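Residue numbers (our numbering), protein chains in the order written: chain C, 7 to 119; chain L, 2 to 113.
Just so it is clear, CB atoms sit at the ideal spot from N, CA and C, and this is done for glycine as well.
Given the structure is predicted, the values throughout are model-derived calculations rather than measurements.
Next comes the structure, spelled out in structure tokens:
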């Protein structure tokens, strides 16, 4: 258990509304990531953070923004949700600042109707 | 372009039979390679990883994987599959410290 909590675990929202997903970690890790999982695509990196207020884009960042004001929290925001953003979102952390594996949260299933 | 390919979308094996899941990657240098498993409704759990050294790596739950540089492959194997191994398996490649690419996944069904 890497001490990662995602909230909410499930959410249904309407097209055009803003949505924020939260990733909380209890082990003070520097690196945090947001992925989305879709059938036929595996997991794709949306954004990542390498410290407080330090973030960067991943492979599929369009339509998403992130914030990290505290080490323990990494927020993913959909400013205006679209149906193409219906997905399962995973937060991940890395335990050390090097080439190592990522540890994943339980996921948030988001449905945009 | 950097990519990870899992050619088999779905595999069915009988309980007790051997298993091999395929993974191929594109990368010029020696990559860092991983296999993850995902049970329904769960997050991803690391099965094993390869960074350097012995090209046959052992993981949890009786899994092993072999890195073959000449074939750009990192196939996952298990000698005898158990019903509890039914899940989705993802191969991943770490291209730099923050760029981990995943294959599309292989769903494993185990027949009794």
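Would a C-beta distance cut-off of 7 angstroms place residue 46 of chain C and residue 31 of chain C closer than the cut-off? Here residue 46 of chain C refers to the residue found at position 40 when the first chain is read from its first residue. Here residue 31 of chain C refers to the residue found at position 25 when the first chain is read from its first residue. No, the pair does not count as a contact, with Cβ atoms beyond the cut-off.
On a Cα-Cα basis, can you pick out the residue from C/16, C/20, C/17, C/61 that is closest to residue 79 of chain C? For the purposes of this step, residue 79 of chain C is identified with residue 73 of the first chain, where counting begins at 1. Answer by Cα proximity: C/61.
Which one or two residues does DSSP pair with residue 44 of chain C in a beta bridge? Mapped onto the first chain, residue 44 of chain C falls at position 38. Looking at the DSSP assignment, residue 44 of chain C forms a beta bridge with C/48.
Residue 31 of chain C CB to nearest chain L CB: under 7 angstroms? The sequence position of residue 31 of chain C within the first chain is 25, counting from 1. For residue 31 of chain C, no Cβ of chain L is located within less than 7 angstroms of the residue's own Cβ.
What's the call for residue 36 of chain L, buried or exposed, on a 16-neighbour Cβ count within 10 Å? Taking the second chain and counting its residues from 1, one reaches residue 36 of chain L at position 35. Counting Cβ neighbours within 10 Å, residue 36 of chain L comes out buried, since at least 16 surround it.
Under 7 angstroms between beta-carbons, which chain L residues line up against residue 112 of chain C? List them in chain order, please. Your numbering for residue 112 of chain C matches position 106 in the first chain. Within chain L, the residues near residue 112 of chain C are 43, 44.
Give the interface partners of residue 46 of chain C over in chain L, defined as CB-CB distance under 7 angstroms, in chain order. By 1-based counting over the first chain, the position of residue 46 of chain C is 40. The contacting residues are 105.
Given a cut-off of 7 angstroms, decide if residue 38 of chain L and residue 49 of chain L are closer than it, judged by their beta-carbon atoms. Counted from its first residue, the second chain places residue 49 of chain L at position 48. Counted from its first residue, the second chain places residue 38 of chain L at position 37. For residue 49 of chain L and residue 38 of chain L, no; Cβs fall outside 7 angstroms.
With a threshold of 7 angstroms between beta-carbons, can residue 62 of chain L be considered close to chain C, or not? For the purposes of this step, residue 62 of chain L is identified with residue 61 of the second chain, where counting begins at 1. No, because no Cβ of chain C sits closer than 7 angstroms to the Cβ of residue 62 of chain L.
Give a yes or no on contact between the stretch 41–60 of chain C and the stretch 94–107 of chain L, applying the rule of three or more CB pairs nearer than 8 angstroms. yes
Report the three-state DSSP secondary structure of residue 3 of chain L (helix, strand or coil). Walking along the second chain from the start, residue 3 of chain L turns up at place 2. If DSSP states are grouped into helix, strand and coil, residue 3 of chain L belongs with coil.
Have a look at the DSSP bridge pairing and note the partners of residue 25 of chain L. Taking the first residue of the second chain as position 1, residue 25 of chain L is located at position 24. According to DSSP, which records beta bridges pairwise, residue 25 of chain L is partnered with L/6, L/74.
Pick helix, strand or coil for residue 100 of chain L, following the three-state DSSP scheme. As a working note, residue 100 of chain L is residue 99 in the second chain. Correct three-state label for residue 100 of chain L: strand.
For the candidate residues L/95, L/80, L/30, L/31, whose alpha-carbon lies nearest to that of residue 20 of chain L? The count along the second chain starts at 1 and reaches residue 20 of chain L at position 19. Of all alpha-carbon atoms in L/95, L/80, L/30, L/31, the one lying nearest the alpha-carbon of residue 20 of chain L is that of L/80.
Taking all protein chains shown into account, decide if residue 113 of chain C is buried (16 or more other Cβ within 10 angstroms of its Cβ) or exposed. Here residue 113 of chain C refers to the residue found at position 107 when the first chain is read from its first residue. It is buried - the Cβ of residue 113 of chain C has at least 16 other Cβ atoms within 10 Å.
Using a Cβ-Cβ cut-off of less than 9 angstroms, list which residues of the stretch 4–38 of chain L approach chain C; keep chain order. 5, 7, 10, 33, 35, 37
Is the beta carbon of residue 71 of chain C closer than 7 angstroms to that of residue 83 of chain C? The residue labelled residue 83 of chain C in the question sits at position 77 within the first chain. The residue labelled residue 71 of chain C in the question sits at position 65 within the first chain. Taking 7 angstroms as the Cβ cut-off, residue 83 of chain C and residue 71 of chain C qualify as a contacting pair.
C-beta neighbour in chain C for residue 68 of chain L, strict 7 angstroms: By one-based count along the second chain, residue 68 of chain L stands at place 67. It does not; no Cβ of chain C falls within 7 angstroms.
DSSP state of residue 43 of chain L mapped onto helix, strand, coil: For the purposes of this step, residue 43 of chain L is identified with residue 42 of the second chain, where counting begins at 1. Three-state result, residue 43 of chain L: coil.
Looking at the structure shown, is residue 67 of chain C part of a helix, part of a strand, or coil, going by DSSP? Taking the first residue of the first chain as position 1, residue 67 of chain C is located at position 61. Three-state result, residue 67 of chain C: coil.
Determine the contact status of residue 43 of chain C and residue 97 of chain C, defining contact as a CB-CB distance below 7 angstroms. Here the question's residue 43 of chain C lines up with position 37 in the first chain. Here the question's residue 97 of chain C lines up with position 91 in the first chain. No.
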